[in-house]
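*Asks:* If you read the sequence shown in my numbering, its first letter stands for residue 104, the second for the next number, and so on.
Got a structure for you, written out below as structure tokens; questions coming shortly.
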Amino acid sequence: MHRILAGSLLCALAAFGQSNVVIDNEHVRVVKVTSDPGTRTRMHDHKMNRVMIYLQPGAQDFEFQDGKRSTIRWKAGEPLWSAAAGMHVAINKSPAPVTIMEIELKNKGTSAKAGASPLDPVRVDPKRYRVEFENDQVRVVRVKLGGKQSIPMHEHATFRVTTNLTAQDFRVTGADGKATEVKRGAGEAAWGTPSKHKEENLSAEPFEAIMVELK
């Protein structure tokens with residue numbers, strides 16, 4: 104069972120701290136937000152459901168317009184579901200600055216189910232792909248691959264946003280045999296389209312990411 108937040112976590116764009124829109128298309132808007140301890144937002148609401156990915160451990164207090172209050176705490180690398188919510192103020196109670204990847208979901212889920220393909224990565228390599236939580240809009244998967252290890256041919260059947268928790272140095276080989284190298288830093292997010300490929304970690308260091316698959 105995944106943790107569902109009682110209210111929204113962060114105000115989009117500048118309300119919670121420094122922010123940068125890193126992906127914006129017809130499906131999602133992805134905002135990378137960094138906040139210092141003690142930062143307090145203005146009163147705001149969130150009209151879209153979101154997936155929040157926390158790059159450092161932290162905590163946050165909420166004060167809602169109707170007088171309700173709540174607190175959440177999270178671990179580094181933890182993804183959480185944040186439902187659309189009414190007017191509130193958020194206060195960063197973290198002891199150090201925190202960076203969060205905020206994935207706003209523009210569309211309702213469809214009847215299509217992530218994981219339906221026989222080559223679904225969770226089926227093909229369950230040791231390296233683990234479902235963190237799933238609902239009618241998303242399936243959120245943690246990916247962990249050791250240094251110099253490979254993932255066999257698999258298929259991503261839906262659109263997805265992948266947030267790297269560590270640096271990435273991969274060779275990705277498509278079903279047509281064409282290989283490309285992918286290099287991204289820790290804390291970067293990338294948009295992915297449906298594809299079939301195998302992957303090799305060229306680095307001696309382990310790789311970890313959170314993949315948010317859209318339905």
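Ideal Cβ positions, reconstructed from N, Cα and C, are used throughout, including at glycine.
What you are looking at is a predicted structure, and each value in this text was computed from that prediction instead of being measured.
With distances taken from CA atoms, which of 185, 298, 179, 210 is nearest residue 279?
*Replies:* Comparing Cα-Cα distances from residue 279 to each of 185, 298, 179, 210, the minimum goes to 298.
*Asks:* What beta strand (DSSP E) runs, 3 residues minimum, are completely inside the stretch 212-255?
*Replies:* Counting only runs of 3 or more, we get 232-237, 241-248.
*Asks:* For residue 271, which residues of its own chain have a beta-carbon under 7 Å away from its beta-carbon, when the five flanking residues on both sides are left out?
*Replies:* Excluding positions up to five away in sequence, the list reads 285, 286, 287, 310.
*Asks:* Please tell me whether residue 319 and residue 201 are closer than 8 Å, where the distance is taken between their beta carbons.
*Replies:* Nothing about residue 319 can be reported from this structure: the residues present for the chain run from 104 to 318 only.
*Asks:* Quick check on this structure: which residue in 316, 162, 159, 170 has the alpha carbon closest to the alpha carbon of residue 223?
*Replies:* Here the closest residue by C-alpha is 316.
*Asks:* Between which two residues does the beta strand (DSSP E) containing residue 191 stretch?
*Replies:* Residue 191 -> beta strand (DSSP E) spans 188-195.
*Asks:* Would residue 251 be called buried (16 or more neighbouring beta carbons within 10 Å of its own) or exposed?
*Replies:* With fewer than 16 other Cβ atoms within 10 Å, it is exposed.
*Asks:* For residue 272, which three-state DSSP category applies?
*Replies:* Here residue 272 sits in strand by DSSP.
*Asks:* Which residues in the same chain as residue 312 place their Cβ atom closer than 7 Å to its Cβ, once the five residues preceding and following it in sequence are excluded?
*Replies:* Correct list, in chain order: 246, 265, 266, 267, 268.
*Asks:* Going by Cα to Cα distance, which pick from 242, 307, 241 is closest to residue 273?
*Replies:* Of 242, 307, 241, the residue nearest in Cα terms is 307.
*Asks:* Rounded to whole angstroms, what is the Cα-Cα separation between residue 166 and residue 197?
*Replies:* The alpha-carbon atoms of residue 166 and residue 197 are separated by roughly 16 Å.
*Asks:* Since residue 296 sits in a beta bridge, which residues does DSSP pair it with?
*Replies:* The partner list for residue 296 (beta bridge, DSSP) is empty, contrary to what the question assumes.
*Asks:* For residue 151, which three-state DSSP category applies?
*Replies:* Note: residue 151 maps to coil in three-state DSSP.
*Asks:* Any idea if residue 231 is buried or exposed, counting beta-carbon neighbours within 10 angstroms, 16 or more meaning buried?
*Replies:* Residue 231 is buried by the Cβ-count criterion.
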